[in-house]
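Visitor: Residue numbers (my numbering): 41 to 249.
For each residue, glycine too, the CB sits at the ideal point set by N, CA and C.
Owing to the predicted nature of the structure, the values given are computational and were not obtained by experimental measurement.
Right, I'll just put the structure down here and ask away after.
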């Protein structure tokens with residue numbers, strides 16, 4: 041699989057700057073995460089196969105392209121990953137949605153799974169796993185491992201902000217998964233939070249503390 045793709049489009053960079061601002065409220069934050077996800081999906085779906093069809097326009101008959109029936113699935117990592125689903129579904133309305141619930145143990149900083157519900161035909165689908173933040177990489181690695189256990193073999197991972205440590209861990213654990221990120225930050229701090237990051241994405245999406 042190719043190297044991680046960093047989507048540093050000016051519109052994405054601008055919107056991420058607003059997301060980082062601690063004064064940005066939950067409503068605006070949710071809108072921004074939806075917009076950034078849509079912009080990222082544009083690139084992450086670049087390799088979708090096309091087929092030629094014949095369509096009658098108001099002027100003439102035309103041969104043109106449509107997506108060739110590829111089945112897609114979105115799998116957000118709960119809970120923050122839910123914030124990216126609406127944006128992805130705006131572009132991929134026919135995709136099925138699975139969910140994987142993980143939380144980070146406050147002592148070990150390791151992911152603990154508490155929920156997994158995937159489409160029954162996940163093995164036949166191209167899967168895009170979404171989570172706003174890639175910190176240690178533990179949650180993404182575990183989620184992708186669970187999806188593979190259910191038979192999926194075509195998997196992409198899409199996150200908005202990544203730490204170098206998490207990106208390296210993910211690409212080493214799952215070298216067959218294409219990774220798309222919008223911003224590669226400096227590092228993790230002693231509490232495994234991304235620096236400079238944007239705080240806890242779940243809390244900022246849902247207005248919790």
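Quick one: any contact between the segment 197-207 and the segment 162-177, if contact means 3 or more CB pairs under 8 Å?
Guide: These segments touch.
Visitor: Under three-state DSSP, which class holds residue 217?
Guide: Reduced to three states, the DSSP call for residue 217 is coil.
Visitor: For residue 150 and residue 233, what's the separation of their Cα atoms in angstroms?
Guide: Rounded to the nearest angstrom, the two C-alpha atoms are 13 Å apart.
Visitor: With DSSP collapsed to three states, give me the class of residue 86.
Guide: Coil, per DSSP.
Visitor: Go ahead and label residue 220 buried or exposed: buried means 16 or more other beta carbons lie within 10 angstroms of its beta carbon, across all protein chains shown.
Guide: Burial call: buried.
Visitor: Using DSSP bridges, identify the partner residues of residue 104.
Guide: In DSSP, residue 104 forms a bridge with 93.
Visitor: Between which two residues does the beta strand (DSSP E) containing residue 232 stretch?
Guide: No beta strand (DSSP E) contains residue 232, which DSSP labels as neither H nor E.
Visitor: Measure how close the beta-carbons of residue 83 and residue 58 come, nearest whole angstrom, since I'm counting them as under 8 Å.
Guide: Not a contact, Cβ separation roughly 20 Å.
Visitor: If we call anything under 8 Å between Cβ atoms a contact, is residue 167 one with residue 187?
Guide: A contact, by the Cβ cut-off of 8 Å.
Visitor: If you reduce the DSSP assignment to three classes, tell me which class residue 257 lands in.
Guide: The requested residue 257 does not occur in the structure, where the chain is confined to residues 41 to 249.
Visitor: Could you check which residue in 200, 246 and 211 has the C-alpha nearest to that of residue 49?
Guide: For the residues 200, 246 and 211, the minimum Cα distance to residue 49 belongs to 200.
Visitor: With respect to the alpha helix (DSSP H) encompassing residue 50, which residues constitute its N-terminal and C-terminal limits?
Guide: First-last of the alpha helix (DSSP H) with residue 50: 50-60.
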